[in-house]
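**Q**
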Amino acid sequence: MENVKLPKVPPAYQLVAFESLDSTNEQARRMAAEGAPDGTIVWAKSQTAGRGRRGRSWISQPGNLFCSFILRPDASVSDAAQLSFAAALSVVEALRYTVTPGIVLDVACKWPNDVLVGGKKVAGILLECQAQAPHGVTVPQLDWLVLGIGVNISHHPEETEYPAASIGVSTGTTVEGMLEALAMSFDHWLGVWKTQGFTPLRNAWLANAKGIGDPVIARLGQETLNGIFVGMNEEGALVLETEGNQRHITAADIFFPETS
Ligand code: BTN
0 MENVKLPKVP
10 PAYQLVAFES
20 LDSTNEQARR
30 MAAEGAPDGT
40 IVWAKSQTAG
50 RGRRGRSWIS
60 QPGNLFCSFI
70 LRPDASVSDA
80 AQLSFAAALS
90 VVEALRYTVT
100 PGIVLDVACK
110 WPNDVLVGGK
120 KVAGILLECQ
130 AQAPHGVTVP
140 QLDWLVLGIG
150 VNISHHPEET
160 EYPAASIGVS
170 TGTTVEGMLE
180 ALAMSFDHWL
190 GVWKTQGFTP
200 LRNAWLANAK
210 GIGDPVIARL
220 GQETLNGIFV
230 GMNEEGALVL
240 ETEGNQRHIT
250 AADIFFPETS
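In numbering that gives the first Met the number 0, the protein residues as written are 0 to 259.
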C-alpha cells in the first residue's frame, strides 16, 4: 500500500501491508517459502479467499482485521503449535486492555483458538507450518510457522454453526489499533514462551477460558462426544471427562449446550 501511515509494530517485526490478497496465510506461506524473516506480519484490508479451520472459508470484507505472522522459532512442530494459544491470548488482551479502554467487554478464550465476546465468536486463528524430518530424525523440526488471525471489528457472518459477533466500531476499535495492540501483546507472549515454555501461557489461557467444569459437546471428524470440559493439558489438548474417563482431544469443534 502506498502513501498510508502503517500501524506501528514492535521493533522485532516487519509489517507488509496489502489492499487485498487471496489470503494473508497464503501470502505468508509464499513469502516464508521465499525466505521472509521471522517476525514478518502480512496484513490485508480484505481477502478474496480467506480460510478458516477445517477447510471452512472466512468472510473477509474490509473493516475487519486479517493478518498472518511468519515465525521461525527453534522448536519442534508440536511445541510451536502452542503459539496458537499465545495468539488467542493476545487477541483477548488487545480487546480487554488496549483497544477499548473504559469499556468492559466479556472476553473469553474458547478451545482451541477462538476468542469470544459476550459468548459469541469474534476472532479465529489458523496455524499452518512447514517442517523437515531429515533421515534419522524422529521429531520434525520447523522451517516456518504461519499464524493467521482474523478479528471481526465492523461485521460478522450471520449463518455460522457457532454464533459470531463483531466488536463494533462504536467501541472505538479500529483495524489499525487492533493490529498494533495485537502485535504488542503477541510479542510479550512469544517472549514468555521462549524463556519459560508453555506453562505460563497455558495458565493464562485457562484463566480466560470459557466453560471449564461445564458440559460441552465436542465434534470430532465422525464422532460427537458429550462430556465435562475439565481443562487443557500440557500439550494444548482439550481434556474431556466422559463416562468416568478422561479423553485428551487434539482436534475438534466444541459447543456449549446452551449455544448449540
Ligand atoms: C477459524 O476457523 O476460526 C480460523 C479463522 C482464521 C482466519 C484468518 S483471517 C487472516 C488469516 N488468513 C486466512 O486466510 N485465514 C486467517
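Every residue gets a Cβ at the ideal spot worked out from N, C-alpha and C, and that includes glycine.
(1) DSSP beta-bridge partners for Val76?
(2) In chain order, what residues of the same chain lie with their CB nearer than 6 Å to the CB of Trp48, ignoring the 5 residues before and after it?
(3) Looking at the structure shown, is Pro61 part of a helix, part of a strand, or coil, going by DSSP?
(4) So, under 8 Å CB-CB, Val121 and Ser165 are touching, yes? Tell me the CB distance rounded to an integer number of Å.
(5) Comparing the CB of Tyr102 with every heavy atom of the ligand BTN, is any distance shorter than 7 Å?
(6) Taking DSSP as the reference, what is the three-state secondary structure of Gln99?
(7) Relative to the C-alpha of Ala86, which candidate in Ser67, Thr99, Val116 has its C-alpha closest?
(8) Along the chain, which unbroken stretches of the beta strand (DSSP E) at least 3 residues long are found entirely within the stretch 141-224?
(9) Nearest by alpha-carbon distance to Ala93: which of Phe17, Thr170, Lys4, Phe228 is it?
(10) Whose C-beta lies closer than 6 Å to the C-beta of His155 among residues of the same chain, with five residues either side of it excluded?
(11) Under a three-way DSSP split, which group does Ser67 fall into?
**A** In short:
(1) Position 77 of the sequence shown, counting from 1, holds the residue named residue 76. Paired residues: none, contrary to the question.
(2) Here residue 48 is taken as the residue at index 49 of the sequence shown, counted from 1. In the sequence under discussion, the amino acid at residue 48 is Ala, which differs from the Trp named in the question. For Ala48, where only same-chain residues beyond five positions count, the Cβ hits under 6 Å are Asp21, Ser22.
(3) Here residue 61 refers to the residue found at position 62 of the sequence shown. Looking at Pro61 - three-state DSSP - the assignment turns out to be strand.
(4) Walking along the sequence shown from the start, residue 121 turns up at place 122. Walking along the sequence shown from the start, residue 165 turns up at place 166. Between Ser165 and Val121 the Cβ distance is about 6 Å, and since that is below 8 Å, they are a contact.
(5) By 1-based counting over the sequence shown, the position of residue 102 is 103. As written in the sequence, residue 102 is Ile, which differs from the Tyr given in the question. No, the Cβ of Ile102 stays beyond 7 Å of every heavy atom of the ligand BTN.
(6) In the sequence shown, residue 99 corresponds to position 100, counting from 1. One point to set straight first is that residue 99 is Thr, not Gln, in the sequence displayed. Thr99: coil per DSSP, three-state reduction.
(7) By one-based count along the sequence shown, residue 86 stands at place 87. Measuring from the Cα of Ala86, the nearest candidate turns out to be Ser67.
(8) 214-218
(9) In the sequence shown, residue 93 corresponds to position 94, counting from 1. It is Thr170 whose Cα lies nearest to the Cα of Ala93.
(10) Start at 1 with the first residue of the sequence shown, and residue 155 comes out as number 156. Ala163, Ala164, Ser165, listed in sequence order.
(11) Translated into the one-based positions of the sequence shown, residue 67 becomes position 68. Here Ser67 sits in strand by DSSP.
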